[in-house]
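Undergrad: Got a structure here, written out as C-alpha cells. Questions coming.
Numbering (the working numbering), first residue to last: 3 to 137.
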C-alpha cells in the first residue's frame, strides 16, 4: 500500500511538472521564445543590434520590412542580389518562407540553418519584429 501511494505521488509530481512546463512555454510570449531560439541558433552568425559586429551573416536589426540584400558591406549571393534588384522586402511571410529553407528560396545563400516547425518560424519572426529603433 505504501509503495502504491509513493508511486502515485511520484507520478502526480511528474505530471504536475510536465503540465507546468507546457503551460509556462505557452504563456511565454512568442517574441521571447524567438529571442531564445535566436540566441541558441542564430546569434553565432547574425548580430541583433544596429551595428554589424558579427560579419558571418548580415545584421538582423530592423530586418522586418527591410529590402532584401541591403545591409551595407555584406557580400550577398547572386540570388539575394537579384531579389534586391527586384525590390523584394523581408516581410514576415517572406522571412518565414526563407527560414523554412533558405537554399530552396534563394539558391547559393550561405545560410545553412533552417527551421522545420511553423511555431519556431513564427517565434523567430515575432522576435525579429522587436528589433527596431525605439521611438
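From the three backbone atoms N, C-alpha and C, an ideal C-beta is built for every residue, glycine too.
Exposed or buried, residue 71, counting other C-beta atoms within 10 Å across all chains shown (16 or more means buried)?
TA: Residue 71 is buried by the Cβ-count criterion.
Undergrad: Can you name, in chain order, every residue of its own chain whose Cβ lies under 7 Å from the Cβ of residue 52, other than the five neighbours on each side?
TA: Result list for residue 52: 63, in chain order.
Undergrad: Determine whether the beta carbon atoms of residue 39 and residue 125 lie at a separation below 8 Å.
TA: Taking 8 Å as the Cβ cut-off, residue 39 and residue 125 qualify as a contacting pair.
Undergrad: Is the separation between the beta-carbon of residue 129 and that of residue 36 shorter than 8 Å?
TA: Closer than 8 Å, so yes.
Undergrad: When DSSP builds the beta bridges, which residues end up paired with residue 69?
TA: Beta-bridge pairing links residue 69 to 91.
Undergrad: On the premise that residue 82 lies in contact with residue 108, defined as a C-beta separation below 8 Å, what is that separation, rounded to the nearest angstrom?
TA: 5 Å between Cβ atoms; contact.
Undergrad: How is the alpha helix (DSSP H) around residue 52 delimited, first residue to last?
TA: Segment: none, residue 52 is in no alpha helix (DSSP H) and carries neither H nor E.
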